[in-house]
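Residue numbers (the numbering used here), protein chains in the order written: chain A, 14 to 401; chain B, 14 to 401; chain C, 14 to 401; chain D, 14 to 401. For glycine and all other residues, C-beta sits at the position ideal for the given N, C-alpha and C. Every value quoted in this text rests on a predicted model; they were computed, and no experiment measured them. Encoded as structure tokens, the structure appears first; notes follow it.
4 protein chains.
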Amino acid sequence: MVRFEDVTTRLEGLAIEVPSWAYGNSGTRFKVFSTPGTPRTVEEKIDDAAQVHRFTGAAPTVALHIPWDEVDDYAALRRHAADQGVGLGTINSNTFQDDAYKFGSLTAADPAARRQAIDHHLRCLEIMGATGSRDLKIWLADGSNYPGQNDLRRRQDTLAESLAEIYAQLGDEQRLVLEYKFFEPAFYATDVPDWGTSYAQVAALGERAVVCLDTGHHAPGTNIEFIVMQLLRLGRLGAFDFNSRFYADDDLIVGAADPFQLFRILFEVVRGGGLDPAAGVAFMLDQCHNVEDKIPGQIRSVLNVQEMAARALLVDTDALAAAQAANDVLGANAVLMDAFYTDVRPHLAAWRESRGLPADPMAAFAASGYQHRIAADRVGGTQAGWGA
Amino acid sequence: MVRFEDVTTRLEGLAIEVPSWAYGNSGTRFKVFSTPGTPRTVEEKIDDAAQVHRFTGAAPTVALHIPWDEVDDYAALRRHAADQGVGLGTINSNTFQDDAYKFGSLTAADPAARRQAIDHHLRCLEIMGATGSRDLKIWLADGSNYPGQNDLRRRQDTLAESLAEIYAQLGDEQRLVLEYKFFEPAFYATDVPDWGTSYAQVAALGERAVVCLDTGHHAPGTNIEFIVMQLLRLGRLGAFDFNSRFYADDDLIVGAADPFQLFRILFEVVRGGGLDPAAGVAFMLDQCHNVEDKIPGQIRSVLNVQEMAARALLVDTDALAAAQAANDVLGANAVLMDAFYTDVRPHLAAWRESRGLPADPMAAFAASGYQHRIAADRVGGTQAGWGA
Amino acid sequence: MVRFEDVTTRLEGLAIEVPSWAYGNSGTRFKVFSTPGTPRTVEEKIDDAAQVHRFTGAAPTVALHIPWDEVDDYAALRRHAADQGVGLGTINSNTFQDDAYKFGSLTAADPAARRQAIDHHLRCLEIMGATGSRDLKIWLADGSNYPGQNDLRRRQDTLAESLAEIYAQLGDEQRLVLEYKFFEPAFYATDVPDWGTSYAQVAALGERAVVCLDTGHHAPGTNIEFIVMQLLRLGRLGAFDFNSRFYADDDLIVGAADPFQLFRILFEVVRGGGLDPAAGVAFMLDQCHNVEDKIPGQIRSVLNVQEMAARALLVDTDALAAAQAANDVLGANAVLMDAFYTDVRPHLAAWRESRGLPADPMAAFAASGYQHRIAADRVGGTQAGWGA
Amino acid sequence: MVRFEDVTTRLEGLAIEVPSWAYGNSGTRFKVFSTPGTPRTVEEKIDDAAQVHRFTGAAPTVALHIPWDEVDDYAALRRHAADQGVGLGTINSNTFQDDAYKFGSLTAADPAARRQAIDHHLRCLEIMGATGSRDLKIWLADGSNYPGQNDLRRRQDTLAESLAEIYAQLGDEQRLVLEYKFFEPAFYATDVPDWGTSYAQVAALGERAVVCLDTGHHAPGTNIEFIVMQLLRLGRLGAFDFNSRFYADDDLIVGAADPFQLFRILFEVVRGGGLDPAAGVAFMLDQCHNVEDKIPGQIRSVLNVQEMAARALLVDTDALAAAQAANDVLGANAVLMDAFYTDVRPHLAAWRESRGLPADPMAAFAASGYQHRIAADRVGGTQAGWGA
């Protein structure tokens with residue numbers, strides 16, 4: 014097996030972007046529970062996000078969600094983030110919380126709704142100019158609940174036209190990242206339900222259009238690492254939205270439901286060159302901390318990705334290749350499992366300390382008193398959530 | 014095949030209870046869309062529910078949800094319903110929208126939360142006395158999102174104790190109906206996830222405890238009609254919550270996603286004697302009309318159950334038994350399919366007219382102007398939804 | 014709704030190809046049951062297939078499976094088929110029943126296995142010249158059972174190379190049709206698991222490479238009609254393998270498990286121009302009659318596709334478009350359901366008679382005595398199955 | 014966390030029964046690959062099974078499958094096993110490979126088929142007397158492929174009658190263990206599809222009837238550890254059939270597909286007292302080594318269960334209980350994960366050596382030359398498989 018010392022350089026390069034909305038309240042259709050200390054403003058979300066980077070050293074940027082994170086002065090927001098030690102990252106558009114989008118946004122039959130949705134994305138591009146963001150991430154809630162409700166084919170063509178209009182306004186250093194999702198909130202047909210559709214749509218746009226793979230957005234049983242492999246092979250894996258699921262899009266902490274699956278995904282990332290900065294793969298979290306503490310939930314998530322990436326890097330690829338070439342089924346599998354079952358935590362703790370970071374970021378954050386402080390300080394105002 | 018004239022008596026006996034909450038707004042975690050005319054009060058919900066019965070003649074009772082439908086004077090509410098031509102039906106408890114229940118209700122480790130949940134159910138029993146309701150339906154959101162969060166075994170024992178305390182207070186004519194659900198809102202473990210658990214729990218209580226089968230609450234691929242058969246065989250099928258699903262608990266209009274499945278379910282109901290009033294099976298809807306019109310959505314649902322029950326009743330059971338005895342696979346299947354593919358709609362239209370009902374309830378309701386009237390009249394106030 | 018008389022021309026154009034292997038024995042890994050009268054030779058399979066066409070008038074060609082259907086003289090086989098009133102259709106390659114392919118065929122790491130697999134396909138192209146077949150259908154069992162067993166990325170590249178070598182030998186009127194399958198016989202990763210992979214592979218080959226959609230080869234919950242729509246939109250829907258499933262790749266009679274899904278699939282075929290001969294979509298059956306009679310099973314299947322195509326053609330597309338444009342969810346859905354619930358069987362019976370066919374092909378075949386005749390005549394020899 | 018030294022006593026008590034049929038050939042419906050050295054006789058299967066115990070010290074008994082393992086003299090077979098250092102374990106009946114059972118066995122409508130099936134089980138009881146086996150394990154392939162094919166209700170009643178007849182013949186120390194399975198080989202309805210059905214059937218029989226949980230026999234997404242908890246709570250968990258799955262009943266090496274799930278299952282076993290010999294839970298493997306080496310596949314499987322049981326025993330249950338009581342979601346989860354991520358392999362290696370076993374059983378077996386020896390020696394004869 015590879016020695017841990019030989020993978021630290023690549024681990025250092027692994028940056029995990031955190032979503033501003035993870036620090037606000039979230040829930041299910043049944044109930045959103047609020048918690049003391051929840052941010053009221055974008056700035057407070059960034060303050061919380063900065064804690065994650067402070068204790069892990071691995072989460073240097075924060076993704077924003079427009080309009081949830083709309084501010085008057087993005088330059089000031091950028092400075093605020095920099096003051097906290099983090100940068101602003103991907104801009105996520107939102108066309109699912111306005112009454113206008115009840116029957117679709119970029120795919121809508123109604124030209125007014127579609128116009129509003131395109132204009133929203135053009136506005137996001139402007140914001141990206143101000144924030145210095147590279148990526149415009151588009152996840153669409155568009156779809157239908159009943160067979161016949163929409164003309165599936167026309168929606169697809171309409172989507173292509175809408176995306177082309179947005180793509181035409183991209184700056185040279187900007188990218189359009191199209192996410193797909195199996196279902197929800199649409200319960201019959203989703204307009205971008207699978208990687209194939211996202212791939213076909215972005216391939217028609219041009220080189221700066223890529224796919225976002227959310228690990229919770231697949232049919233039961235889907236081999237996700239295969240898709241990672243394929244999108245890297247086709248040069249279109251733009252981003253990950255990490256989280257985990259037992260059933261549907263549960264948005265649990267990444268690695269919580271099936272750690273071995275996360276390992277296999279990260280192994281294919283390594284195999285396919287996805288850790289190479291030139292590959293342009295953005296590693297992001299997209300989770301909902303419905304019942305657990307939010308900042309610790311994010312720290313745990315960043316650590317999970319980091320620990321599992323370490324395991325994936327430890328795989329003895331020479332031994333693996335030899336076993337594969339010999340069709341030694343058990344031997345090849347054992348090479349993978351050996352890395353997976355290795356306890357990398359002591360190595361990572363020591364490595365963190367060597368870099369001036371706490372050995373145990375979870376414990377260090379708990380000891381910092383930050384959570385108590387914000388619970389005491391953030392009184393009044395309206396807690397942030399998906400509605401704002 | 015059986016003649017339609019020979020099944021009308023049994024069709025007349027088929028009453029489908031509608032849920033008060035179907036007339037309020039509902040949605041997903043992403044967005045709840047509001048619509049003009051949505052009820053602001055329990056009385057207005059009942060008014061809307063009464064329309065469904067008026068046009069179909071098949072929905073004589075309305076289920077209530079406590080505390081959403083709490084009123085000061087249940088006797089007055091009962092009179093209001095009677096004035097509209099309908100009765101009050103099942104009382105549905107709710108222990109998922111209070112902060113106290115964040116970590117469970119009847120299964121909670123916290124004695125205070127558990128006490129509050131039991132008391133809520135005892136209060137529901139009181140209300141049932143006032144409304145004349147037979148059934149207390151219990152659906153629990155209790156569960157956990159992460160492995161280890163709860164002690165699964167202790168929760169099960171705690172649930173048994175809580176249910177026993179409630180069961181002890183049941184009146185002689187009252188029943189406890191325990192619903193199960195595969196997942197959501199809990200994303201790792203649900204405390205009553207399957208029919209087996211619900212059955213084991215109610216069997217331990219006594220004869221007046223039965224199971225509620227919600228057609229959307231199963232793992233992908235589950236053969237639901239088998240469960241219908243088994244629960245009828247075991248004497249514990251207390252109620253249906255009808256709806257349909259493509260993916261998770263989509264709560265779509267019953268029969269919309271897989272009409273043939275609805276047919277098979279109703280065939281097993283007929284086969285197992287479930288249409289016999291003595292069987293005590295309550296037929297209820299539990300749906301969310303997120304994007305479609307609510308009252309027409311309910312009328313469509315009642316008609317779907319009625320039409321499919323008609324097809325199920327048309328099955329030539331003698332021919333079926335003969336083919337089954339002969340292991341004539343295709344022949345036996347053809348007997349079922351013949352009934353399924355029969356267009357019962359003209360028969361039902363004529364039969365409705367013969368009973369003083371509109372031949373086409375959907376068209377008749379649309380022509381009635383009711384929807385426009387409530388949209389114009391119901392101005393101001395707060396539209397009802399899951400929160401109230 | 015459209016009148017039945019207005020769709021008969023398009024129905025007449027609907028030809029459903031039957032597979033030679035449906036007349037041989039098939040089963041599960043647990044047991045293959047044999048039945049009296051099962052064909053011993055390719056000629057006898059064709060004789061049985063011809064019965065399906067004789068009684069339905071809708072199954073004019075028979076697909077062959079190589080090497081199961083290898084003969085010395087394909088010209089003679091072609092004449093035999095013609096004498097029975099049918100033609101030879103698609104050639105299906107087989108690289109899953111030779112020990113050489115234990116670890117893969119076109120994707121194998123072992124050059125010898127890969128060479129054998131490519132040569133097998135080149136041999137199939139030769140046979141196609143002799144049989145006059147247009148399509149070479151490739152379904153690969155290639156994959157792995159354990160993580161690490163194969164290098165997923167290399168397998169994909171190897172596949173591309175293998176396909177390119179085969180594609181280069183295609184005649185001008187020939188096509189390469191690449192099927193995808195979610196899982197089985199591989200239990201961890203399949204080398205062509207989804208439509209996206211098949212699409213990416215065929216798009217890299219050229220215009221005469223297209224995708225085969227087997228209706229049983231998807232993850233649970235997959236919206237198959239969406240894929241039909243997308244592949245037609247992208248110009249790559251080459252063929253259907255029709256069958257139906259409750260759980261995995263059950264290979265049941267098409268339309269048996271979810272008739273409404275079959276309706277939606279055929280509606281998207283109609284919507285996307287897939288019934289137009291110029292579209293080049295081949296409609297084939299691929300089923301296993303494990304416990305039911307084989308020839309009646311095939312007749313039933315052909316009728317199911319035909320009946321459901323009739324319903325799909327009856328959809329009032331003007332009314333549908335109007336309801337869709339108005340975002341009338343229930344109205345649009347009702348247009349579809351109206352066609353689905355229409356009993357087309359009497360219309361089809363009359364139409365068949367008008368064309369000199371039996372009104373009820375199932376009854377007519379049963380009355381023909383053919384099954385008894387072959388059971389009596391086909392004594393001795395080795396019954397055909399998947400092994401031969 | 015618990016110290017490894019404190020769990021070794023309980024680990025020593027963990028015996029994993031291996032199935033005789035794992036050493037024969039198995040495959041899919043597409044192909045069964047043979048391998049050199051495959052046993053030709055029951056005795057050779059036992060010889061191979063004994064190797065697993067020799068190198069792991071944890072697999073002291075071998076389950077037999079009747080009629081695959083029928084011999085004339087069971088006393089001699091028992092001595093042969095004892096000479097190899099192992100015992101004979103569970104007797105598995107088989108009513109799925111005789112033409113008589115095409116349409117069912119214990120549930121069959123045909124009295125002759127049902128009689129044959131009951132008699133087969135009575136014969137198994139006799140064999141158990143000779144082999145000294147405690148458990149009669151019944152897995153039924155009974156079911157149907159098409160709706161209507163069977164009368165689901167009657168089949169259930171017939172099953173109850175058949176089981177009662179068998180149960181009545183059980184010796185005082187014998188048990189009837191009823192397995193359930195979601196689907197396959199039946200593709201529409203399985204007569205014992207879920208734990209609820211198995212539980213209801215065995216509860217009606219008496220105390221010596223218990224449930225067998227095969228980890229691959231559930232619907233996608235099913236929380237299996239919940240069922241483990243529930244069956245232990247109800248006192249009816251009789252046995253495990255361990256294996257793992259990505260999709261259907263893949264029968265892969267236990268722990269290969271989702272090691273964290275295996276951990277959760279074994280944690281619930283520990284939690285519920287299932288490791289206590291008094292609980293009577295039999296731990297068995299039921300796997301198919303289609304493409305990997307068989308004896309190493311079995312050794313790997315035994316080690317996987319043993320390693321994961323060690324991790325489950327290491328859970329700090331005091332810390333877990335404290336975190337659960339405090340509703341500390343992340344803290345409670347972390348207690349579990351801490352044990353899961355602990356690398357127990359060095360501890361187990363040392364422990365094995367301390368008991369005179371090889372530190373690395375896989376390597377030791379490979380070095381033993383046994384595989385080469387049997388490949389060279391076992392020439393001629395018919396290799397064992399599912400058919401014999």
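Does the separation of the CB atoms of residue i and residue j fall below 9 angstroms?
i              : j              : result
F253 (chain C) : V294 (chain C) : yes
Q110 (chain D) : G209 (chain B) : no
Q396 (chain B) : R53 (chain B)  : yes
P73 (chain C)  : G98 (chain C)  : yes
Q187 (chain C) : R147 (chain C) : yes
M297 (chain C) : T22 (chain C)  : no
Determine which residues share a DSSP beta bridge with residue i and list them.
i              : result
H78 (chain A)  : A:N105
S157 (chain A) : A:A202
L191 (chain D) : D:I151, D:V224
Does chain A have any CB closer than 9 angstroms to the CB of residue i?
i              : result
N236 (chain C) : yes
Q274 (chain D) : yes
Could you check what DSSP says for residue i in three-state terms: helix, strand or coil?
i              : result
F296 (chain C) : strand
V357 (chain D) : coil
R166 (chain A) : helix
P371 (chain C) : coil
M350 (chain B) : helix
A397 (chain C) : coil
R16 (chain C)  : coil
D86 (chain D)  : coil
D390 (chain A) : helix
G344 (chain C) : helix
Distance cutoff 9 angstroms, beta carbons only. Does residue i sit that close to anything in chain C?
i              : result
D306 (chain B) : yes
Using a Cβ-Cβ distance cut-off of 9 angstroms, determine whether residue i contacts chain B.
i              : result
P150 (chain D) : Position check: residue 150 (chain D) holds Lys in this sequence, whereas Pro was assumed. Not one chain B Cβ lies under 9 angstroms of K150 (chain D).
A270 (chain C) : yes
L333 (chain D) : yes
G209 (chain C) : no
Would you verify that the beta carbon of residue i is, or is not, closer than 9 angstroms to some beta carbon of chain D?
i              : result
Y260 (chain C) : yes
N340 (chain C) : no
task = Mind listing, in chain order, the continuous beta strand (DSSP E) runs of no fewer than 3 residues lying wholly within the segment 88–136 of chain B?
result = 100–105
key: Minimum length 4: unbroken alpha helix (DSSP H) runs contained in the segment 236–265 of chain C   = Whole alpha helix (DSSP H) segments, 4+ residues: 237–246.
ask   = Hey, which unbroken runs of the alpha helix (DSSP H) at 4 residues or more fall wholly within the segment 268–332 of chain A?
value = 272–284, 307–327
key: Minimum length 4: unbroken alpha helix (DSSP H) runs contained in the segment 23–81 of chain A   = Fully enclosed alpha helix (DSSP H) runs of 4 or longer: 55–69.
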